[in-house]
Structure formats: C-alpha cells, structure tokens
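Residue numbers (UniProt numbering): 1 to 180.
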C-alpha cells in the first residue's frame with residue numbers, strides 16, 4: 001500500500017530542501033551582519049523558523065527575497081533589543097586552505113574588515129553587506145529594507161566614508177600625497 005504525502009509534509013520537505021541548500025549562504029551573510037559566527041547561526045535559525053511558519057504562503061519565485069529580508073529585519077530587531085556593541089571574531093570564515101600563499105594576508109584583511117564593519121550602525125552595515133557581499137543593487141536593497149533608494153545611497157556613502165576613515169584602513173592607505 002502506497003502512502004501519499006500530506007500537503008503539510010510535502011511543504012515541510014520543500015522547506016527542508018531549501019533550508020539545507022541556503023544555510024551556508026545565509027550563515028555567511030548573517031556573519032557579515034552580526035560579526036559573530038555563533039550569533040549568525042542563531043540569527044539564521046530564528047529566521048528560518050519564522051519563515052517556516054509562513055512557508056506555504058510565500059510565492060516560490062520570491063523565497064530568496066523573503067528570506068533575505070527576514071534575515072536583515074531579524075538582525076535589526078536583535079540590534080535594537082541589545083543596543084550593546086558587538087565584538088567581532090578575530091577572523092571571518094575562510095574558504096582558502098592554510099597551505100595556499102597569501103592566507104595570512106587574507107585573514108588579516110578579513111579581520112580588519114570585521115573590525116571596521118563593527119563601527120557602523122546596524123542599517124549602514126546592512127546596506128554595506130547587501131551591496132558589496134550579496135551584490136544587490138540599490139533598488140533591491142531599498143525594497144528589502146523598506147526604505148527609499150536615496151536612503152540606501154546615503155547609508156552606502158556614509159558607510160564607505162566610515163570604512164575608509166577607519167584607522168585600520170587609514171594606516172594601509174594614507175590619504176596624503178607624499179610618497180616614501
């Protein structure tokens with residue numbers, strides 16, 4: 001006797017497949033947003049739990065947008081609740097093997113980026129991560145954050161200014177025209 005999968009179970013399997021495939025990408029994005037790997041995993045888990053509750057109502061062609069928006073909004077809520085400066089891990093997850101040349105430099109650059117991102121406001125950080133990590137355009141970010149394109153541009157401009165003036169980057173790229 002063959003059993004049919006009830007609709008709820010079929011939706012569960014569809015969600016489980018999506019969550020399994022999307023998990024690594026979502027954790028990397030969340031890590032850029034939170035600055036802490038464990039908090040990133042918690043943020044993704046919370047986001048996926050909330051998405052699961054609405055899974056059957058989400059149009060399949062909007063799933064990535066919906067999940068990304070939920071991830072960013074859950075992070076902004078987390079930041080608002082805490083209002084405490086978050087300390088970043090000394091490095092971000094690496095895809096490079098230890099034996100490859102330039103590994104130490106890559107780790108140092110990621111640590112510097114993490115330190116600089118930690119100084120931004122939650123909204124600036126979200127814009128910077130979505131723009132330069134997720135490679136979304138300004139209109140997509142505006143839709144995702146529920147704000148105007150002008151607001152996104154302002155956050156991006158101010159975020160870039162803050163990152164460029166951060167001591168870690170200022171030491172590496174002095175602004176003065178003098179050459180050694």
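Beta carbons are placed, not taken as given, at the ideal position from N, Cα and C, and that holds for glycine.
Residue i beta carbon near the ligand ATP (any heavy atom closer than 7 Å)
| i | result |
| --- | --- |
| residue 73 | This structure does not include the ligand ATP; it has no bound ligands of any sort. |
Reference residue i; option with closest CA among the options
| i | options | result |
| --- | --- | --- |
| residue 145 | 102, 75, 18 and 45 | 75 |
| residue 133 | 150, 156, 143 and 148 | 156 |
| residue 151 | 69, 163, 123 and 160 | 123 |
| residue 164 | 120, 148 and 136 | 120 |
| residue 48 | 77, 63 and 38 | 63 |
| residue 129 | 25, 13, 21 and 19 | 25 |
| residue 27 | 71, 80, 141 and 147 | 71 |
| residue 36 | 110, 102 and 59 | 110 |
Where residue i sits in the DSSP three-state scheme
| i | result |
| --- | --- |
| residue 136 | coil |
| residue 70 | helix |
| residue 160 | helix |
| residue 141 | helix |
| residue 96 | Confidence at residue 96 is low in this model, with a pLDDT of 44, below 50, so its placement is unreliable and no value can be given for it. |
| residue 167 | helix |
| residue 102 | coil |
| residue 146 | coil |
| residue 119 | coil |
| residue 59 | coil |
Span of the alpha helix (DSSP H) around residue i
| i | result |
| --- | --- |
| residue 42 | 37-54 |
| residue 129 | Run containing residue 129: none; DSSP gives neither H nor E here. |
Same chain, Cβ closer than 8 Å to residue i, neighbours up to 5 away in sequence not counted
| i | result |
| --- | --- |
| residue 158 | 124 |
| residue 162 | 116, 119, 120 and 124 |
| residue 108 | none |
| residue 50 | 70 and 74 |
| residue 11 | 55 and 56 |
Exposure label - residue i; buried when at least 16 CB within 10 Å
| i | result |
| --- | --- |
| residue 114 | buried |
| residue 182 | Since the first residue shown for the chain is 1 and the last is 180, residue 182 is missing from the structure and cannot be characterised. |
| residue 31 | buried |
| residue 131 | buried |
| residue 29 | buried |
| residue 104 | exposed |
| residue 126 | buried |
| residue 13 | exposed |
| residue 183 | In this structure the chain extends from 1 to 180, so residue 183 is not present and cannot be described. |
| residue 95 | Because residue 95 sits at a pLDDT of 48, beneath the cut-off of 50, its placement in the model cannot be relied upon, and the following sentence gives the value as read from the coordinates. Exposed, since its Cβ has fewer than 16 Cβ neighbours within 10 Å. |
Contacting residues, own chain, Cβ-Cβ under 7 Å from residue i (five flanking each side not counted)
| i | result |
| --- | --- |
| residue 52 | 15 |
| residue 149 | 138, 139 and 142 |
| residue 19 | 48 |
Spatial neighbours of residue i in its chain, beta-carbon cut-off 6 Å, leaving aside the 5 residues before and after
| i | result |
| --- | --- |
| residue 67 | 51 |
| residue 79 | 122 |
| residue 112 | 168 |
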